[in-house]
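Residue 72 is where the sequence shown starts when you use our numbering, and the numbers rise one by one after that. For every residue, glycine included, the Cβ atom is placed at its ideal position computed from N, Cα and C. Computed from a predicted structure; not experimentally measured.
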Amino acid sequence: MRVSVPTIPHVVSWTPTNPVSPVAAIERIAAFLASGTVTLLTGAGVSVDSGIRAYRGKDGRYMNPNYKYVIQRSQYISACSSSPIANPPQANLSIVGQYHELIADNPRGHVFRQRYWLRSYLGYPSVRDTQPNTTHYALSALQHTGHIRRLITQNVDGLHRQAIAHLWSDTRTEQHILELHGTLHRVHCQLGHVVSRDVFQDRLSTSNPKWKAFVDELEATGNKPRTNPDGDVELEGVSYDDFVVPECLECRAQGRHNTNQKPDLIFFGESIPKPIKDRSFRDVELSDKLFLIGTTLATFSAFRLVKQALDLGKPVLLLNVGPTRADGLKGIDKIEISMSRVMRDAVRALLGSRARNDPVIDNLLNNGLHKPPLD
72 MRVSVPTIPH
82 VVSWTPTNPV
92 SPVAAIERIA
102 AFLASGTVTL
112 LTGAGVSVDS
122 GIRAYRGKDG
132 RYMNPNYKYV
142 IQRSQYISAC
152 SSSPIANPPQ
162 ANLSIVGQYH
172 ELIADNPRGH
182 VFRQRYWLRS
192 YLGYPSVRDT
202 QPNTTHYALS
212 ALQHTGHIRR
222 LITQNVDGLH
232 RQAIAHLWSD
242 TRTEQHILEL
252 HGTLHRVHCQ
262 LGHVVSRDVF
272 QDRLSTSNPK
282 WKAFVDELEA
292 TGNKPRTNPD
302 GDVELEGVSY
312 DDFVVPECLE
322 CRAQGRHNTN
332 QKPDLIFFGE
342 SIPKPIKDRS
352 FRDVELSDKL
362 FLIGTTLATF
372 SAFRLVKQAL
382 DLGKPVLLLN
392 VGPTRADGLK
402 GIDKIEISMS
412 RVMRDAVRAL
422 LGSRARNDPV
432 IDNLLNNGLH
442 KPPLD
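Next up, the structure:
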């Protein structure tokens, strides 16, 4: 299955649901989690309080009016037609849609990778330095107690892993957290050689001293560019044709010249690997309930998991502010309130005195950022 452009078909006609008080929301969440095994599915809304912008606002429309998932193929080819390695279009567009352009072994693919990696090079430090927020830690407490057995996230920021890394081994984390759309924190070449993104970031810096100086200045002044949830930044009036994408060192050691590298995440137009897809279905099937937090379910890879749960007769609770693709589906219990207002207290209500007396849980419930983006 390929990841297609996300949509919420009925967003134009959306009207807010009846307001719910924090006390009522806390009671409903705690009651839902009190019995049975639960699989959790999270989206971009969970990371907003860490300072990472969501794709959409409360009304379901894109937060950044200039942001697009996809550069139209006709636009890109037209812009590149005058020269084999002409400057690509300079509009404020995220380029995460063009998987086939990104991996193409031809001059246009090279141009596309220059554009992608420059924008990602500038945006990655913000993602790298982001810390888990109060909701991440509240959910980690539920993972620690076993109330949430399996977590599926659409996010590529790695914050769920970071929030529980001090308690779980890497093996246990792999077993219980599924990154449905991959992660920004690894890079692989077309032959499958993998390096950490931090290592690759250093290689980009070494290969591009001018841009390294620019990044250093941004970090020193705090004047960082606006970063989208996929780690891409907005740039205007910038030439990409002198940006150097470094070779894969393992390929070079084998006598190959290969600069065709991409982050270890699923781009729009790219297929989700079958083992990941199968595991996501299995994680839902093995649970008694499905809990959804901070997602519009605009991507079908997430929405189909909700459909699966409903088809299997499993209770589904959705905590999200604004319209979602599941609104109106029979069997969806939706609570429309900010998760930062209720999740920690919902965990306390569920766990009772254990939340106070267990030092691990108490620490988790008193940790985390609350620094949503200012714009």
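Inset, instruction - Tell whether a beta-carbon distance below 7 Å holds between residue 96 and residue 403. - result: Stepping through the sequence shown from its first residue, residue 96 is reached at position 25. Stepping through the sequence shown from its first residue, residue 403 is reached at position 332. No, they are not a contact pair.
Inset, instruction - Could you tell me whether the Cβ atoms of residue 351 and residue 235 are closer together than 7 Å? - result: The count along the sequence shown starts at 1 and reaches residue 351 at position 280. The count along the sequence shown starts at 1 and reaches residue 235 at position 164. No, Cβ-Cβ distance for residue 351 and residue 235 is not below 7 Å.
Inset, instruction - In the DSSP assignment, find the unbroken alpha helix (DSSP H) run with residue 303 in it and report its ends. - result: By one-based count along the sequence shown, residue 303 stands at place 232. Residue 303 -> no alpha helix (DSSP H), and no H or E assigned at all.
Inset, instruction - With a 10 Å radius around its C-beta and 16 neighbouring C-beta atoms as the bar for buried, classify residue 434 as buried or exposed. - result: Start at 1 with the first residue of the sequence shown, and residue 434 comes out as number 363. That one is exposed.
Inset, instruction - Please go through the segment 223-281 and give each complete alpha helix (DSSP H) segment of 4 or more residues, from N-terminal end onward. - result: 230-235, 241-247, 268-278
Inset, instruction - May I have the straight-line CA-CA distance separating residue 301 from residue 424, to the nearest angstrom? - result: For this step, residue 301 is matched to residue 230 along the sequence shown. For this step, residue 424 is matched to residue 353 along the sequence shown. Using only the alpha carbons, I get a separation of about 39 Å.
Legend entry - Whole runs of the beta strand (DSSP E) within the segment 356-442, excluding any shorter than 3 residues: 360-364, 387-390, 403-406
Inset, instruction - Examine the Cβ distances between the segment 279-290 and the segment 253-271 and report whether three or more of them are shorter than 8 Å. - result: no
Legend entry - Under the three-state DSSP convention, the category residue 106 falls into: Counted from its first residue, the sequence shown places residue 106 at position 35. Residue 106 falls in the coil class under three-state DSSP.
Inset, instruction - Per DSSP, which residues does residue 456 bridge with? Please list them. - result: Examination of residue 456 is not possible in this model, given that the chain is present from 72 through 446 alone.
Legend entry - residue 109 and residue 360 closer than 7 Å at C-beta: Position 38 of the sequence shown, counting from 1, holds the residue named residue 109. Position 289 of the sequence shown, counting from 1, holds the residue named residue 360. Yes, the Cβ-Cβ distance between residue 109 and residue 360 is below 7 Å.
Legend entry - Cβ-based neighbour list, residue 154, same chain, cut-off 6 Å, excluding 5 preceding and 5 following: Numbered from 1 along the sequence shown, position 83 holds the residue referred to as residue 154. Unreliable positioning characterises residue 154 in this predicted model, as indicated by a pLDDT of 29, which lies under 50. The coordinate reading is nonetheless provided below. Here the set comprises nothing.
Inset, instruction - Please determine, among 370, 117, 104, 112, the residue with the shortest C-alpha to C-alpha distance to residue 447. - result: Examination of residue 447 is not possible in this model, given that the chain is present from 72 through 446 alone.
Inset, instruction - Kindly indicate which residue of 264, 205, 309 has the alpha-carbon position closest to the one of residue 324. - result: Translated into positions along the sequence shown, residue 324 becomes position 253. Residue 324 has its Cα closest to that of 264, out of 264, 205, 309.
Legend entry - residue 285 burial status per 10 Å Cβ neighbour count (16 or more: buried): In the sequence shown, residue 285 corresponds to position 214, counting from 1. So residue 285 ends up on the exposed side.
Legend entry - Heavy atom of the ligand FMN within 6 Å of residue 215 beta-carbon: Ligands in the displayed structure: none, and consequently the ligand FMN is not present.
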